[in-house]
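Engineer: Have a look at the structure that comes next, please.
Number of protein chains: 2
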Amino acid sequence: MELKQLQYFVACAELGSFSKAADELYTTQPNVSKIIKSLEEELGFELFERQKRGIQLTEKGQLIYEQAYKAIENINQLSILAGEIELQLKEKVWKK
Amino acid sequence: MELKQLQYFVACAELGSFSKAADELYTTQPNVSKIIKSLEEELGFELFERQKRGIQLTEKGQLIYEQAYKAIENINQLSILAGEIELQLKEKVWKK
DNA sequence: TCAAATTACGGTCGACGTAAGGATC
DNA sequence: GATCCTTACGTCGACCGTAATTTGA
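Chains F and Y, in that order, give the protein sequences.
The first sequence lines up with residues 13 to 108 when you count with the numbering used here.
The second sequence lines up with residues 13 to 108 when you count with the numbering used here.
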């Protein structure tokens, strides 16, 4: 499991489209397709139903989405914390 | 920021040694050293004090450790959730 | 015919391990 | 000399983008 897989997955889930996610992620459609597929193979089930026009989250995909979103949020907070720390503790922001 | 960097960092912090972490992670000491260094460069500060014998978390590293641990826990829970889902919802474990 | 996802393919870049170096006990 | 971290270096695999294919509006 890699962070990029989760990021790509969340983007696809929110935009409802691989191609739109590719734009947002500054990459290409085939790349998004491959990365989502790799995540699905790793998990052992499909995250999206491939439809005539676009995609849609499966039931299982919906459950994974919620947890994946939280995980990414958590990593983002870590980045924010790192930025605060880099400020040399001038303001003790993290001491809530 | 990649998940592997955080996993390696947490292992090093908990074991207090790059070489022990390398064993635990089934990789080599130089690899651990490089990955930790890449994370430090990305964050903009050092996570460990390199000492005569072994290493020790810096103050900033300690703060990052706590958040990194949570993030990894979060990803682990995602894996657990995925495993439960794969069981075809026979038992609705996730409906706490 | 256009839009969207998948498959195929080739090049490049990075990740890994081995080996060598440096330092400390 | 042994242990531990770092640097150097070569190789092999994976990732990425382009192009071709498929399917549906």
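Beta carbons: idealized from backbone N, C-alpha and C, even for Gly.
Which of the three DSSP states is assigned to F30(Y) in this structure?
Structural biologist: F30(Y): helix per DSSP, three-state reduction.
Engineer: Residues in its own chain within less than 6 Å of G56(F) by CB, not counting five upstream and five downstream?
Structural biologist: Once the five neighbours on either side are set aside, G56(F) has no close Cβ partner at all.
Engineer: For Q68(Y), which beta-bridge partners are listed by DSSP?
Structural biologist: Paired residues: E61(Y).
Engineer: Considering Cα atoms alone, identify which of E96(Y), G95(Y), E14(Y), Q100(Y) is closest to E54(Y).
Structural biologist: The shortest C-alpha separation from E54(Y) is found at E14(Y).
Engineer: Please report how far the alpha carbon of E71(Y) lies from the alpha carbon of F60(F), in whole angstroms.
Structural biologist: Between E71(Y) and F60(F), the C-alpha separation is close to 44 Å.
Engineer: For Q79(F) and chain Y, any beta-carbon pair shorter than 7 Å?
Structural biologist: Closer than 7 Å: yes.
Engineer: So the alpha helix (DSSP H) S54(Y) belongs to, where does it begin and stop?
Structural biologist: One point to set straight first is that residue 54(Y) is Glu, not Ser, in the sequence displayed. Per DSSP, E54(Y) belongs to the alpha helix (DSSP H) from 41-55.
Engineer: Closer than 7 Å, CB to CB, is L59(Y) near chain F or not?
Structural biologist: It does not: the Cβ of L59(Y) has no partner Cβ on chain F nearer than 7 Å.
Engineer: According to DSSP, is Y110(Y) helix, strand or coil?
Structural biologist: Coverage of chain Y is limited to positions 13 through 108, which leaves residue 110(Y) absent and any answer about it impossible.
Engineer: Which term fits G73(F), buried or exposed, when burial requires 16 or more other beta carbons within 10 angstroms of its beta carbon?
Structural biologist: G73(F) should be labelled buried.
Engineer: Would a check of beta-carbon distances place E53(Y) closer than 7 Å to chain F?
Structural biologist: Chain F, which has no Cβ nearer than 7 Å to the Cβ of E53(Y), makes this no.
Engineer: Would you identify the three-state DSSP class for E14(F), choosing helix, strand or coil?
Structural biologist: Note: E14(F) maps to coil in three-state DSSP.
Engineer: Rounded to a whole number of angstroms, what is the C-alpha to C-alpha distance between E26(Y) and L99(F)?
Structural biologist: Approximately 26 Å between the Cα atoms of the pair.
Engineer: Pull up the CB-CB distance for L37(F) and A80(F), whole angstroms please, since I reckon it's below 8 Å.
Structural biologist: Not confirmed; about 15 Å, so no contact.
Engineer: Can you pull out the residues from the stretch 66-98 of chain F whose beta carbon lies closer than 8 Å to at least one beta carbon of chain Y?
Structural biologist: Per Cβ criterion, the list reads K72, L75, I76, Q79, A80, K82, A83, N86, I87, Q89, L90, S91, L93, A94, I97, E98.
Engineer: Is the distance from the Cβ of Y77(Y) to the Cβ of I47(Y) below 7 Å?
Structural biologist: The answer is no: Cβ separation not under 7 Å.
Engineer: With DSSP run on the structure shown, which of helix, strand or coil describes L93(Y)?
Structural biologist: Three-state result, L93(Y): helix.
Engineer: In chain Y, what lies closer than 8 Å to L37(F) by C-beta?
Structural biologist: Chain Y residues near L37(F): none, gap ~15 Å exceeds 8 Å.
Engineer: Thinking C-beta only, is L90(F) closer than 7 Å to A83(Y)?
Structural biologist: Closer than 7 Å, so yes.
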